[in-house]
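Participant:
There are 2 protein chains.
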Amino acid sequence: LESEKNETLLVKDLMISSEKVAHVQSGNPLEHALLVLIKTGYSSVPVLNSRFQFEGIISKTKILEESLGLEQFEMNRLGDISVREVMDPDVPCLKKNHTFIDALHKLIDHPFICVIGDNDEFDGIVTRREILKNVSKSYHE
Amino acid sequence: LESEKNETLLVKDLMISSEKVAHVQSGNPLEHALLVLIKTGYSSVPVLNSRFQFEGIISKTKILEESLGLEQFEMNRLGDISVREVMDPDVPCLKKNHTFIDALHKLIDHPFICVIGDNDEFDGIVTRREILKNVSKSYHE
Ligand SMILES: Nc1ncnc2c1ncn2[C@@H]1O[C@@H]2COP(=O)(O)O[C@H]3[C@@H](O)[C@H](n4cnc5c(N)ncnc54)O[C@@H]3COP(=O)(O)O[C@H]2[C@H]1O
Ligand SMILES: Nc1ncnc2c1ncn2[C@@H]1O[C@@H]2COP(=O)(O)O[C@H]3[C@@H](O)[C@H](n4cnc5c(N)ncnc54)O[C@@H]3COP(=O)(O)O[C@H]2[C@H]1O
């Protein structure tokens, strides 16, 4: 049965590997992060430290919230705040040897899940799109 | 088989109905739309006209692209541009009597799909989260 085939897939077979994943560095200012997010078109991306270890997730919403002043948008502030200060460090992650089902379960509440190694090294991401493609295949057989 | 149960679900059983969907009006300025997107936390929402008919989708990325000046962000422009001028009017939609499989297929490339009636009236949206919840249930039985 096709759905049984999916159940044997591992995260490492499903993930977009790190070199293809847009990210920002935790020490960079929000202004830089916002430009990366606009240029790549992504609503949120992983945050890594200078040793390429995973630290959290930064989104356009979070950055824009910081720019909201009393009367208007105050984009100048964004040069003075680092990504690390506003990123979300508290997100679920996966390991490369986790399963399709582990990924499916976590992707119910998150558009993508980061894959990290034993030393927090950033390996890649699993996206909802990848899971949905596999599920769609299993319904067509 | 659980996966067969999913195949009989219709879009009307899966959708978030219109009164629960955040949206903006096509005649409103981008500045208003951006505030709605930040306040609700959504990366993009449906655009409706004054008769509650579906017209397109507006995203934070699209609005922020409009604010990018030569040297910096120029948020003042956003008061002068209407949602209709920059929204994406060219998105796939579904009808209430379409199936789970129709929705699954369109959600491979879109985080949500708008559901519209015969007269373009806006009925609701189907989200990836809703499909993934159903798929996850079918793997646990
Ligand atoms: N440049 C592009 N080309 C084609 N389609 C695009 C696209 N940008 C966005 N999409 C479509 O929009 C969905 C939502 O993108 P979003 O940026 O909100 O949310 C994305 C983004 O936050 C992150 N993501 C995906 N690919 C990434 C990458 N290469 N680098 C960094 N983050 C990525 O994972 C989330 C879910 O991605 P997913 O593929 O499931 O779902 C994507 C994809 O179907
Ligand atoms: N306030 C909140 N509470 C709990 N979880 C939240 C949330 N805001 C976002 N999320 C989570 O983040 C995912 C991506 O949200 P995003 O805003 O990029 O993308 C959303 C948004 O563009 C749109 N959307 C979802 N619900 C909406 C609503 N009630 N009104 C308007 N647009 C909605 O559909 C896309 C996919 O939604 P989906 O539920 O599959 O996936 C959501 C959900 O899992």
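In order, the protein sequence lines correspond to chains B and S. Numbered per the numbering used here, the first sequence finishes at 141, counting up by one with no gaps. Numbered per the numbering used here, the second sequence finishes at 1141, counting up by one with no gaps. In this text, a Cβ means the ideal position worked out from N, Cα and C, and glycines have one as well. As the structure is a computational prediction, the values presented were derived from the model and not from experiment.
(1) Can you check which of these residues, Leu1034/S, Gly1124/S, Lys1137/S, Val1115/S, is closest to Lys60/B by C-alpha distance?
(2) Tell me which residues share the same chain as Asp102/B and place their Cβ nearer than 8 Å to its Cβ, disregarding the 5 neighbours each side in the sequence.
(3) Counting contacts by CB-CB distance shorter than 7 Å, is Phe112/B in contact with chain A?
(4) Select from Gln53/B, Gly79/B, Glu55/B the residue whose C-alpha is nearest the C-alpha of Ile63/B.
(5) Could you work out which residues of chain S lie near Ile38/B, taking near to mean beta carbons separated by less than 8 Å?
(6) Is there contact between the region 27-43 of chain B and the region 1021-1030 of chain S, where contact requires at least three CB pairs shorter than 8 Å?
(7) Give me the Cα-Cα distance between Asn1119/S and Thr1127/S, rounded to the nearest whole angstrom.
(8) Of all the options Phe1112/S, Phe1100/S, Ile1116/S, Lys1005/S, which has the alpha carbon lying nearest to the alpha carbon of Tyr1042/S?
(9) Kindly indicate the opening and closing residues of the alpha helix (DSSP H) around Val1083/S.
(10) Leaving out five residues before and five after Gly56/B in sequence, what residues of the same chain have Cβ atoms less than 6 Å from its Cβ?
(11) Between Gly1117/S, Asp1109/S, His1140/S, which has its C-alpha nearest Leu132/B's C-alpha?
(12) I want to see whether chain B comes within less than 7 Å of Val1135/S, judged by CB atoms only; does it?
(13) Using the three-state DSSP reduction, which class does Glu71/B fall into: helix, strand or coil?
(14) According to DSSP, is Gly219/B part of a helix, a strand, or is it coil?
(15) Gln1053/S touches chain B at which residues, Cβ-Cβ below 7 Å?
(16) Return the bridge partner residues of Ile1058/S from the DSSP annotation.
(17) So, helix, strand or coil for Asp109/B, using DSSP?
(18) Going along the chain, which residues of the region 1069-1081 of chain S sit with their C-beta nearer than 7 Å to a C-beta in chain B?
(19) Take Phe54/B as the anchor and find which of Ser136/B, Arg129/B, Gly117/B, Val135/B has the nearest alpha-carbon.
(20) In whole angstroms, what is the alpha-carbon distance linking Glu1074/S and Val21/B?
(21) With 16 other CB atoms within 10 Å as the buried threshold, where does Asn222/B fall?
(22) In chain S, which residues lie less than 8 Å from Gly41/B when you measure between Cβ atoms?
Facilitator: Looking at the atomic coordinates:
(1) Looking at Leu1034/S, Gly1124/S, Lys1137/S, Val1115/S, the one whose alpha-carbon comes closest to that of Lys60/B is Leu1034/S.
(2) Taken in chain order, the residues that qualify are Val11, Leu94.
(3) As a matter of chain content, chain A is missing from the structure shown, whose protein chains are B and S.
(4) Shortest Cα-Cα distance from Ile63/B to any of Gln53/B, Gly79/B, Glu55/B involves Gly79/B.
(5) Going along chain S in sequence order, the residues near Ile38/B (Cβ under 8 Å) are Thr1061, Leu1064, Glu1065, Leu1068.
(6) Taking 8 Å as the limit for Cβ pairs, the verdict is that the region 1021-1030 of chain S does not touch the region 27-43 of chain B.
(7) Roughly 22 Å separates the two Cα atoms.
(8) Out of Phe1112/S, Phe1100/S, Ile1116/S, Lys1005/S, Phe1112/S has the C-alpha closest to the C-alpha of Tyr1042/S.
(9) Counted as a single uninterrupted DSSP element, the alpha helix (DSSP H) harbouring Val1083/S occupies residues 1083-1086.
(10) Around Gly56/B: Val47, Met87, Asp88, Pro89.
(11) Out of Gly1117/S, Asp1109/S, His1140/S, Asp1109/S has the C-alpha closest to the C-alpha of Leu132/B.
(12) Taking Cβ atoms only, chain B reaches closer than 7 Å to Val1135/S, which makes this a yes.
(13) Looking at Glu71/B - three-state DSSP - the assignment turns out to be coil, as it is neither helix nor strand.
(14) The first residue shown for chain B is 1 and the last is 141, placing residue 219/B beyond what the model contains.
(15) What Gln1053/S touches in chain B: nothing, since even the nearest Cβ is about 26 Å away.
(16) When DSSP reads this structure, Ile1058/S sits in a beta bridge with Val1045/S.
(17) Collapsing the DSSP output to three states places Asp109/B in coil.
(18) Result list: Gln1072, Phe1073, Met1075.
(19) Gly117/B is the residue among Ser136/B, Arg129/B, Gly117/B, Val135/B whose C-alpha sits nearest the C-alpha of Phe54/B.
(20) Computed Cα separation, rounded: 29 Å.
(21) Examination of residue 222/B is not possible in this model, given that chain B is present from 1 through 141 alone.
(22) Thr1061, listed in chain order.
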